[in-house]
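2 protein chains.
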Amino acid sequence: MTFESLSLYRDIVQTRSVSRGAALNGISQSAASQSVQELERCLQVRLLDRSTRPLTVTEAGKLYYDYCRDILRRKEQFEAQLQGVTGRVAGTVRVAAIYSVGISDIASLEAEFTRRYPDADLHVDYLRPERVYEAVLEDRAELGLVSYPEGTRELTVLPWREEEMVLALSPSHALAGLRRAGAHELEGQDFVAFDDDLPIRQHVDRYLREHGVNVRIAMRFDNIGSMKEALALGQGVSILPRRMMLNEIALGTLSAVPLRKPLSRPLGIVRRKQQALPRAAERFLELLLETPL
Amino acid sequence: MTFESLSLYRDIVQTRSVSRGAALNGISQSAASQSVQELERCLQVRLLDRSTRPLTVTEAGKLYYDYCRDILRRKEQFEAQLQGVTGRVAGTVRVAAIYSVGISDIASLEAEFTRRYPDADLHVDYLRPERVYEAVLEDRAELGLVSYPEGTRELTVLPWREEEMVLALSPSHALAGLRRAGAHELEGQDFVAFDDDLPIRQHVDRYLREHGVNVRIAMRFDNIGSMKEALALGQGVSILPRRMMLNEIALGTLSAVPLRKPLSRPLGIVRRKQQALPRAAERFLELLLETPL
DNA sequence: TGACAGTATCGGTGCTGCTAATGTTACCCT
DNA sequence: AGGGTAACATTAGCAGCACCGATACTGTCA
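The listed protein sequences derive, respectively, from chains D and V. Numbered by this note's numbering, the letters in the first sequence go through residues 1 to 293 in order. Numbered by this note's numbering, the letters in the second sequence go through residues 1001 to 1293 in order.
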């Protein structure tokens, strides 16, 4: 019973799928299937009920899952401790981020990080917000970058940035010439919105409601990139973080109009409570926090 | 990195020797040496300083040792939990006992145990008292049987038996005819004693001192078997648990004279605190506690 | 400075665990 | 119902690696 098989089993349970677990661990579905069977043979007990889809976890399987988690966390803890002794900053920092933190920002952070710590690797996954929390909870990432962060019993939050939200629209749009946008000017506009279940959507909705504005939701997206495309094509207006539009503003494909009643979006960093971070992850966290807005 | 290698490393550190660790894990010295080197190569850090004898453990090596212990304990805990779910009583119960608990007693217990739980194995090691504590502390035994038990921060004690101590001597000895032995009758006798560092020796010494008796220590042993031989040959007298002499009394090779001022020896069971016992070990513990004196 | 006990190294071997291909089964959908 | 699809199981064959035995090296005694 190797650590690979522990990690594999954990991932199989978390993804509720042998194949996905196999993929996450870089082995074939066949190998994963054999690994689980070997496990069940050794322990003489069924761990997973694979006669149903998606597969279900038996009582014993849950025990083994907790066991895997504990073992793998202890392993991470050891590795963190070890790096404290050797003084080396190495290993992979896994970061899960929402799409809208700005890929270019992270890219420059990544460059600085690999410059400072050449032995460390940085791996960033861009996910939907709920997936970011999930990734941190399920040990697939040391750090998570989210907007409107919320802590839980197992997760702790560090404030990171406050981003100014602005009216975003095509330069050719009627409202593009305004120096400042009052709420009433949005009344009845076609609106390019975030998906209903994203936190940012809730906050923008509340902002509009509080200022007595009704807009017409023209389209919905779960990522800023697509929204910017739609706006550039004149499909409507939106409210987006200004930082995310700097490129398009410079290129002249989009315009940003400051809001008279300001609205900002807080970004935060989530991590697991009482989990010593590997040295490399600690350093990346420092880098994040020292980076100017 | 397999569990075998964790167990191996733990044993190497505990025994301060690669060869002994290898022997404990049933592999060759060569394999053990290679395993440690592989470990150091993977972690990129020296764990053991083998340029000195006995070998010494580096800072990183200590961290890894703690890690091994934690992992292996978690594994045991899982196995115990699993047996709770399956209801099976299987696996090996490892018991460490002092020589003087009585091998024949344990043998009959063992017979009863394997009768009740045919899937479980019982393994008993007979050791010197300090080794019994060590074996339990270092996860080489689930239960320890000792006299004059003492708990520690990591060990908890369950009282087991109170054994009557009697004057033990050859039937041909001058004192053998007594119905009861007062303390004064021991004055000046040749005494067959336990080794100085055994707890039972301290207690017998105190008994003699408190009753103002001086004896001449004729010989010392660390096990009751040898003492009985010496007594049968008329080499002196001793104070021993009666239970341990039943066979010799029946055969007429030894006599037991009750002490006027009674002395008893408490036997106890030691186990690690906050460590769920495997189901098989739990059952053996039940068996121990229900066994009549 | 031998003698020894312990550790490192080396070549050969067997077993475990992987892949790729194929067979089987649960669930969905009209 | 009854294909269709996506998942899991099975099989054969191969590759790597952990093991062993033998031997060489190295600390630590006397």
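In this text, a Cβ means the ideal position worked out from N, Cα and C, and glycines have one as well.
Query raised in the report: Do you know how far the Cα of Asp1066/V is from the Cα of Val1018/V?
Result: The straight-line gap separating the alpha-carbon atoms of Val1018/V and Asp1066/V is approximately 18 Å.
Query raised in the report: For the alpha helix (DSSP H) that contains Ser35/D, what are its first and last residues?
Result: For Ser35/D, the uninterrupted alpha helix (DSSP H) segment begins and ends at 29 to 43.
Query raised in the report: Ser19/D lies in the alpha helix (DSSP H); which residues open and close that run?
Result: For Ser19/D, the enclosing alpha helix (DSSP H) has its first and last residue at 18 to 24.
Query raised in the report: Got a sec, what are the start and stop residues for the beta strand (DSSP E) Ala1250/V sits in?
Result: It is not in any beta strand (DSSP E) - Ala1250/V instead sits in the alpha helix (DSSP H) that spans 1246 to 1251.
Query raised in the report: Measuring CB to CB, does Arg1074/V end up less than 8 Å from Arg1010/V?
Result: No, the pair does not count as a contact, with Cβ atoms beyond the cut-off.
Query raised in the report: Which whole-angstrom value is the C-beta distance of Leu158/D and Leu137/D, which I expect to be below 8 Å?
Result: Beta-carbon to beta-carbon, Leu158/D and Leu137/D are separated by about 16 Å, too far to satisfy the 8 Å threshold.
Report task. Go through its chain and collect everything with a Cβ distance to Arg1242/V's Cβ below 6 Å, but skip five positions before and after it. Result -> Around Arg1242/V, the same chain offers Glu1164, Val1166, Ala1256 as residues with beta carbons nearer than 6 Å, after the five sequence neighbours per side are excluded.
Query - Per-residue burial, Arg1094/V [other beta carbons within 10 Å of its own, 16 or more giving buried] - result: Taking all protein chains in view, the Cβ of Arg1094/V is crowded by 16 or more other Cβ atoms within 10 Å, so the residue is classified as buried.
Report task. Measure the Cβ-Cβ separation of Gly1087/V and Val1270/V and say whether it is below 8 Å. Result -> Against a cut-off of 8 Å, the Cβ pair of Val1270/V and Gly1087/V comes out as no contact.
Query raised in the report: Can a CB atom of chain D be found closer than 8 Å to the CB of Val1045/V?
Result: Interface residue, yes.
Requested in this report: Can you grab the Cα-Cα spacing for the pair Ala276/D / Ala1280/V, in whole Å?
Outcome: Between Ala276/D and Ala1280/V, the C-alpha separation is close to 36 Å.
Requested in this report: Please list the partners that Met1001/V has in chain D, where partner means a Cβ-to-Cβ separation under 8 Å.
Outcome: Listed by position along chain D, the residues whose Cβ is nearer than 8 Å to that of Met1001/V are Thr2, Phe3.
Query raised in the report: From Ala111/D, Asn223/D, Ser28/D, Gly84/D, pick the residue whose C-alpha is nearest to that of Leu127/D; which is it?
Result: It is Asn223/D.
**Report entry** Among Gln81/D, Leu63/D, Ala168/D, the one whose alpha carbon lies nearest that of Gln1077/V
**Finding:** When each option's Cα is compared against that of Gln1077/V, the closest is Leu63/D.
Report task. Would you mind stating whether Val1213/V and Ala1183/V have Cβ atoms separated by less than 8 Å? Result -> The answer is yes: Cβ separation under 8 Å.
Requested in this report: Less than 8 Å between the CB atoms is what I'm expecting for Met245/D and Val192/D, so what's the real figure, rounded?
Outcome: The Cβ separation is near 13 Å, so there is no contact.
Query raised in the report: Exposed or buried, what is Arg272/D when buried is set at 16 or more other beta-carbons lying within 10 Å of its beta-carbon?
Result: Label assigned to Arg272/D: buried.
Query raised in the report: Using a C-beta to C-beta distance shorter than 8 Å, which residues of chain D count as neighbours of Arg1074/V?
Result: Ordered by position in chain D, the residues that pass the 8 Å Cβ test against Arg1074/V are Tyr67, Asp70, Ile71, Arg74.
Query raised in the report: Beta-carbon separation of Arg1260/V and Arg1209/V under 8 Å?
Result: In this structure, Arg1260/V keeps its C-beta atom at 8 Å or more from the C-beta atom of Arg1209/V.
Query raised in the report: List, in order along the chain, the chain D residues whose C-beta lies closer than 8 Å to that of Gly1059/V?
Result: In the sequence as presented, Gly is not what sits at residue 1059/V; that position holds Glu. In chain order: Val85.
Query raised in the report: Can you give, in chain order, each stretch of the alpha helix (DSSP H) that sits fully within the stretch 201 to 272 of chain D and has at least 4 residues?
Result: Unbroken alpha helix (DSSP H) stretches of 4 residues or longer found wholly inside the stretch 201 to 272 of chain D: 224 to 232, 246 to 251, given in chain order.
Query raised in the report: Would Tyr1148/V pass as a contact of His1203/V if the rule is Cβ separation under 8 Å?
Result: With contacts defined as CB atoms closer than 8 Å, Tyr1148/V and His1203/V qualify as a contacting pair.
Report task. Return the CA-CA distance between Ser1028/V and Ala1022/V, expressed in angstroms with no decimal places. Result -> If you take the alpha carbons of Ser1028/V and Ala1022/V, they lie about 6 Å apart.
Query raised in the report: Is DSSP giving Ser170/D helix, strand or coil here?
Result: It is coil, neither helix nor strand.
Query raised in the report: Would you say Tyr1064/V faces chain D, with C-beta separation under 8 Å as the test?
Result: Cβ-Cβ to chain D under 8 Å: yes for Tyr1064/V.
Query - Rounded straight-line distance, which links the Cα of Leu263/D to that of Ala135/D - result: So the two alpha carbons sit approximately 29 Å from each other.
Query raised in the report: Hey, quick one: how far does the alpha helix (DSSP H) through Asp1296/V stretch, first residue to last?
Result: Residue 1296/V is absent from the model: chain V starts at 1001 and stops at 1293.
Query raised in the report: With burial defined as no fewer than 16 other Cβ atoms inside 10 Å of the residue's Cβ, what is the status of His173/D: buried or exposed?
Result: Flag for His173/D reads buried.
**Report entry** Presumed contact (8 Å Cβ cut-off) between Val124/D and Ile106/D, rounded CB distance
**Finding:** Contact between Val124/D and Ile106/D holds: CB atoms are separated by about 6 Å, below the 8 Å threshold.
Report task. Using a cut-off of 7 Å between C-beta atoms, extract the partners of Gln81/D located in chain V. Result -> The contact set of Gln81/D on chain V, defined by CB atoms closer than 7 Å, consists of Leu1063 in chain order.
Query raised in the report: Phe1284/V CB to nearest chain D CB: under 8 Å?
Result: No, because no Cβ of chain D sits closer than 8 Å to the Cβ of Phe1284/V.
Query raised in the report: If we cut at 8 Å on Cβ distances, does Phe1078/V have a partner in chain D?
Result: Yes, contact with chain D.
Report task. Could you have a look at Glu142/D and say whether DSSP puts it in helix, strand or coil? Result -> For Glu142/D, the three-state secondary structure derived from DSSP is coil.
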